[in-house]
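The next block holds one structure in the form of structure tokens; read it before the comments.
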Amino acid sequence: MSQRNNQSVERAFKILETIASNEGIGVSDIAREVELNKSTAFGLIKTLDNLGYIFKNEDTDKYQLTYKIRNLAEEGADGHEILSYAKPYLNKLSEKYGEIIHFVAASEEAVFYLEKIESTKAIRVYTGIGSSMPMYCTGVGKAILSTRSEEEVREYAKNVGLEKITGNTITDIEELIKDLKLTKKRGYGIDDGENQEELYCIGVPIKNKKGEGVYALSISMPKFRKDQYDFDELIADLLYAKEGIEKFY
Numbered sequence: 311m312s313q314r315n316n317q318s319v320e321r322a323f324k325i326l327e328t329i330a331s332n333e334g335i336g337v338s339d340i341a342r343e344v345e346l347n348k349s350t351a352f353g354l355i356k357t358l359d360n361l362g363y364i365f366k367n368e369d370t371d372k373y374q375l376t377y378k379i380r381n382l383a384e385e386g387a388d389g390h391e392i393l394s395y396a397k398p399y400l401n402k403l404s405e406k407y408g409e410i411i412h413f414v415a416a417s418e419e420a421v422f423y424l425e426k427i428e429s430t431k432a433i434r435v436y437t438g439i440g441s442s443m444p445m446y447c448t449g450v451g452k453a454i455l456s457t458r459s460e461e462e463v464r465e466y467a468k469n470v471g472l473e474k475i476t477g478n479t480i481t482d483i484e485e486l487i488k489d490l491k492l493t494k495k496r497g498y499g500i501d502d503g504e505n506q507e508e509l510y511c512i513g514v515p516i517k518n519k520k521g522e523g524v525y526a527l528s529i530s531m532p533k534f535r536k537d538q539y540d541f542d543e544l545i546a547d548l549l550y551a552k553e554g555i556e557k558f559y
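If you're matching positions, the sequence shown starts at 311 in this note's numbering and goes up one per residue.
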């Protein structure tokens with residue numbers, strides 16, 4: 311059984327489509343094209359204006375789209391394009407170390423897994439493409455948070471709550487701030503059993519031209535295996551991959 315569309319959402323998208331097909335259009339013309347009375351159309355238009363998706367040109371008294379709506383489409387496309395660009399670097403790390411490689415995208419409060427290359431060795435990690443994880447207790451999340459201001463981090467912590475997931479999870483905001491300052495200084499974040507008890511993860515941020523951490527990549531392994539690798543060499547390889555992927559921008 312098909313479900314009917316939400317009427318308000320459908321009307322809002324019709325208004326956006328109408329504005330997109332015109333260089334500028336007034337309220338009366340929008341109402342006529344989407345077949346709504348003027349007061350109903352005006353209410354939806356004001357909501358879209360308040361949300362930043364359209365704006366009123368004061369010289370012409372007509373509405374146009376803002377870049378915010380275009381940016382949504384571009385960011386979605388970038389997610390696919392940058393992953394294709396990143397894959398050779400991810401594959402190279404996987405081939406050299408045989409451990410789990412993750413590539414994630416950032417939102418305001420979580421990381422979303424876009425790619426996961428499984429380990430060739432014995433390990434179990436509860437992540438999957440399309441799944442999400444908190445930022446404060448993952449290597450990739452800390453890497454991304456380290457690119458944000460202290461004020462933004464405090465606001466983030468206030469919104470999500472620093473819940474204890476394992477015995478190693480950082481739940482004190484001052485301790486997290488200290489950890490993120492170190493992460494920023496050295497260029498990588500460490501999850502030492504903070505999200506999954508026996509797991510060790512190193513993550514590096516992928517920054518856009520504004521210096522914002524928008525993606526991140528990581529290598530994950532059991533704690534008992536981390537001393538098998540030359541740590542400096544592993545970090546150098548992660549940073550090399552990071553710098554290569556950032557050339558996408």
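We treat Cβ as the ideally placed atom computed from N, Cα and C, and that holds for glycine.
Do you know how far the Cα of residue j is from the Cα of residue i?
i: Leu527; j: Asp369; result: 47 Å
i: Leu424; j: Phe413; result: 6 Å
i: Leu403; j: Glu428; result: 12 Å
i: Glu336; j: Glu504; result: In the sequence on display, residue 336 carries Gly and not Glu. Gly336 and Glu504: Cα-Cα distance of roughly 54 Å.
i: Ser318; j: Gly408; result: 50 Å
i: Leu486; j: Ile475; result: 15 Å
i: Val435; j: Met531; result: 9 Å
i: Asp271; j: Tyr510; result: Beyond the ends of the chain as shown, which are 311 and 559, falls residue 271; an answer cannot be given.
i: Glu460; j: Tyr446; result: 13 Å
i: Ile545; j: Thr376; result: 41 Å
i: Asn469; j: Gly451; result: 15 Å
i: Thr350; j: Leu358; result: 13 Å
i: Gly594; j: Ser417; result: Since the first residue shown for the chain is 311 and the last is 559, residue 594 is missing from the structure and cannot be characterised.
i: Asn367; j: Arg321; result: 22 Å
i: Arg464; j: Thr437; result: 26 Å
i: Asp489; j: Phe534; result: 23 Å
i: Asn332; j: Lys324; result: 13 Å
i: Ala432; j: Lys520; result: 39 Å
Please classify residue i as buried or exposed, where buried requires at least 16 neighbouring CB atoms within 10 angstroms.
i: Ala387; result: Confidence is the limiting factor: at Ala387 the pLDDT is only 49, short of 50, which leaves the residue's position unreliable and the question unanswerable from this model.
i: Pro398; result: exposed
i: Lys496; result: Here residue 496 turns out to be Arg, not Lys, going by the sequence shown. It counts as exposed.
i: Leu354; result: buried
i: Tyr373; result: buried
i: Gln506; result: buried
i: Ala341; result: buried
Residue range of the beta strand (DSSP E) that residue i falls in?
i: Gln317; result: Where Gln317 is concerned, there is no enclosing beta strand (DSSP E), although the alpha helix (DSSP H) it sits in stretches over 317-330.
i: Val514; result: 509-517
i: Lys366; result: 364-367
Identify whether residue i lies in helix, strand or coil by the three-state DSSP scheme.
i: Phe352; result: helix
i: Gln374; result: strand
i: Ser429; result: coil
i: Lys397; result: helix
i: Lys402; result: helix
i: Val414; result: strand
i: Ala387; result: Reliability of the predicted coordinates at Ala387 is poor, the pLDDT of 49 falling under 50, and the value obtained from them is presented with this limitation in mind. Note: Ala387 maps to helix in three-state DSSP.
i: Ile475; result: coil
i: Lys495; result: helix
i: Tyr525; result: strand
i: Tyr423; result: strand
i: Lys488; result: helix
How is the alpha helix (DSSP H) around residue i delimited, first residue to last?
i: Asp547; result: 541-556
i: Lys468; result: 460-470
i: Val337; result: 337-344
i: Lys533; result: Run containing Lys533: none; DSSP gives neither H nor E here.
i: Lys452; result: 449-455
For my contact list, residue i and residue j are in at a C-beta cut-off of 8 Å; report their separation, rounded to the angstrom.
i: Ile516; j: Ile555; result: 5 Å
i: Leu548; j: Ile512; result: 6 Å
Determine, using beta carbons only, whether residue i comes closer than 7 Å to chain D.
i: Leu403; result: The structure shown contains no chain D, having only a single protein chain.
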